[in-house]
Amino acid sequence: MFALRGIGKLIFGSSAQEALIELPQGQLYLVRPLSPKGYSELIFRDSAIRIRRTNQEFQYQLVVQRVFEEGEAELLAEEEGEDAEIDTLASEKDEKTFLLDEALSFRFEIRENGDKVLAWKDLSGDTGDLFQFVCDSSVTSAQVQQFVRVAQECQYERKYRTPHSTATESDLQQFDFEAEEPIPPASPLHSPTLARSIESVDDMLSKNQANSAVKREPAFVPEQEIEAPVLTGPDASNPPEALEIYAAVTAELHVFDPQPGHFALVDDSVIAQVSEIGKWEYWLQIESGDKAYLGTPVVADFNPVFDFEYLSFVFNHFSSDGTARSWLLRFKDQPTLERFQEAIMQAIWEKLNETKWTKMQDKEREYVLDAFGDLTMEDAPSTEEEEEEE
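Those letters in the sequence shown? Residues 1 to 390, per UniProt numbering, in order.
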């Protein structure tokens with residue numbers, strides 16, 4: 001079971017800020033299909049989405065709030081002290097709010113795999129950036145459709161400053177944005193659930209100081225390793241010659257096993273290397289000792305997802321016969337993940353722009369590096385917070 005962190009006014013505000021409707025469980029992503037900041041970032045692994053009133057008439061907010069496991073909220077409150085309920089900075093870290101306006105182009109989609117996805121524009125981001133709430137399988141289509149209906153009614157009230165009871169069906173249709181471009185995918189193939197071996201999880205979580213506030217019990221899976229699948233297509237045992245190595249880091253390698261429905265450990269220590277192999281061509285090679293597990297071109301199409309909560313990188317690989325698999329690299333600490341992420345993003349950016357990273361103007365390079373910094377440090381506590389906890 002899960003519990004929302006905080007109670008009373010910290011979350012719901014006064015009675016004028018009551019929640020009109022809520023979907024209790026899902027994942028929040030920020031997807032940047034056109035941006036050098038990275039393709040997809042998992043913001044909240046467990047979260048709830050709701051529409052709530054504000055203190056101003058005809059104004060509503062779309063709110064996504066992190067969900068904590070039962071008992072975890074109380075534990076964090078004790079660690080943070082008695083002033084936790086009035087610590088607005090702490091609450092903002094666990095909550096994303098958006099003024100519910102037609103500029104968001106708020107819309108809904110059911111994908112071929114059954115995923116129910118709510119999406120809206122990131123108005124403070126780059127062109128094409130979207131927030132996506134991928135509903136848990138327990139949430140029904142009827143619940144999502146009702147949520148979208150309430151969102152349309154709220155947008156109508158904001159635009160016309162009048163109760164939605166006066167609106168006709170055609171009036172509400174102007175807030176139907178399903179005709180816009182298809183919602184790009186955020187989660188990896190099959191939306192797999194992350195599962196880790198007991199030993200590696202205990203070891204890595206103990207070292208994960210940047211995410212010390214997250215103390216969840218890992219999903220238990222057998223400690224035995226599985227045999228790596230036989231790959232076809234690019235020959236991992238004979239990779240292209242590296243002209244320049246962007247990063248070579250140590251990580252765990254996992255592959256998604258569809259039968260139990262989770263990632264299973266393949267090797268607890270591999271080298272993941274990102275390198276330039278030709279003109280605007282880049283390669284990801286994953287191997288351990290004399291064994292090569294995977295070699296693949298670095299392209300935006302493999303849907304890279306960086307999860308800083310679990311220090312992991314998930315991507316899809318398609319073999320020459322069309323077989324698709326989701327792979328996961330799990331790193332020992334955040335600096336290692338940041339180094340690997342920068343190498344992947346640099347390779348993708350250079351391929352898309354056909355411009356070397358070093359030839360970018362200083363201002364542009366600073367922008368991209370700042371974007372990396374924003375992305376990697378978003379879930380990390382500040383130095384002041386760490387000192388207060390001590």
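C-beta: ideal position from N, C-alpha, C; glycine also.
Only a predicted model underlies this, so the values are computations on that prediction, with no experimental measurement involved.
- Item | Residues near R66 by beta carbon distance below 6 angstroms, same chain, minus five either side | For the purposes of this step, residue 66 is taken as residue 66 along the sequence shown, with counting starting at 1. Hits under 6 angstroms: F44, S47 and D94.
Original post:
Quick one: is D290 buried, meaning 16 or more other Cβ sit within 10 Å of its Cβ, or exposed?
Top reply: By one-based count along the sequence shown, residue 290 stands at place 290. So D290 counts as exposed.
Would you say V266 and A248 are within 9 angstroms of each other, going by their C-beta atoms? Here residue 266 refers to the residue found at position 266 when the sequence shown is read from its first residue. Here residue 248 refers to the residue found at position 248 when the sequence shown is read from its first residue. In this structure, A248 does not lie closer than 9 angstroms to V266 by Cβ.
* Asked: Anyone know if the C-beta pair for L99 and Q132 falls short of 9 angstroms?
  -> One-based indexing of the sequence shown puts residue 99 at position 99. One-based indexing of the sequence shown puts residue 132 at position 132. Against a cut-off of 9 angstroms, the Cβ pair of Q132 and L99 comes out as no contact.
Under a Cβ-count criterion, where at least 16 other Cβ atoms within 10 Å of its own Cβ denotes burial, should T168 be classed as buried or exposed?
Counting from one through the sequence shown, the residue named residue 168 turns up at place 168. Around the C-beta of T168, fewer than 16 other C-beta atoms lie within 10 Å, and the residue is accordingly described as exposed.
Would you be able to state if there are at least three C-beta pairs under 8 angstroms between the stretch 152 to 167 and the stretch 108 to 126?
-> no
* Does the separation of the CB atoms of D307 and V314 fall below 9 angstroms? -> Along the sequence shown, one-based indexing puts residue 307 at 307. Along the sequence shown, one-based indexing puts residue 314 at 314. Yes. Within cutoff.
Check your understanding: DSSP state of F147, grouped into three classes?
Key -> Position 147 of the sequence shown, counted from the start, is the residue given in the question as residue 147. Looking at F147 - three-state DSSP - the assignment turns out to be helix.
Rounded straight-line distance, which links the Cα of Y29 to that of E41 = Numbered from 1 along the sequence shown, position 41 holds the residue referred to as residue 41. Numbered from 1 along the sequence shown, position 29 holds the residue referred to as residue 29. For E41 and Y29, the distance between alpha carbons rounds to 6 angstroms.
message = On the CB-based measure, 16 or more other CB atoms within 10 Å of its CB, does W280 come out buried or exposed?
response = The residue given as residue 280 occupies position 280 in the sequence shown. It counts as exposed.
task: Give the single residue among A251, A264, W283 and I271 whose Cα lies nearest to the Cα of A242.
output: Position 242 of the sequence shown holds residue 242. Of A251, A264, W283 and I271, the residue nearest in Cα terms is W283.
Of the residues I110, I51 and T336, the one placed nearest V150, counting alpha carbons only = For the purposes of this step, residue 150 is taken as residue 150 along the sequence shown, with counting starting at 1. Of the candidates I110, I51 and T336, the one whose C-alpha sits nearest the C-alpha of V150 is I51.
Reference V134; option with closest CA among D268, L23 and L104: For the purposes of this step, residue 134 is taken as residue 134 along the sequence shown, with counting starting at 1. Comparing Cα positions, the closest option is L23.
If we count the other Cβ atoms within 10 Å of its Cβ and call it buried at 16 or more, is E199 buried or exposed? Reading the sequence shown from its first residue, position 199 is the one you call residue 199. Low per-residue confidence applies at E199: pLDDT is 33, beneath 50, and the placement is therefore not dependable enough to give any value.
Whose CA, out of S326, R107, Q146 and D115, lies closest to the CA of S138?
As a first step, residue 138 is located in the sequence shown; it is residue number 138 there, counting from the start. For the residues S326, R107, Q146 and D115, the minimum Cα distance to S138 belongs to D115.
Distance check for G26 and A119, CA to CA, integer angstroms please.
Mapped onto the sequence shown, residue 119 falls at position 119. Mapped onto the sequence shown, residue 26 falls at position 26. For A119 and G26, the distance between alpha carbons rounds to 13 angstroms.
| query | D136 to F68, Cα distance in whole Å? | reply | As a working mapping, residue 136 is identified with position 136 in the sequence shown. As a working mapping, residue 68 is identified with position 68 in the sequence shown. C-alpha separation (whole angstroms): 15 angstroms.
Roughly how many whole angstroms lie between the Cα atoms of residue 400 and F108? What is shown of the chain runs 1 to 390, which leaves residue 400 out entirely.
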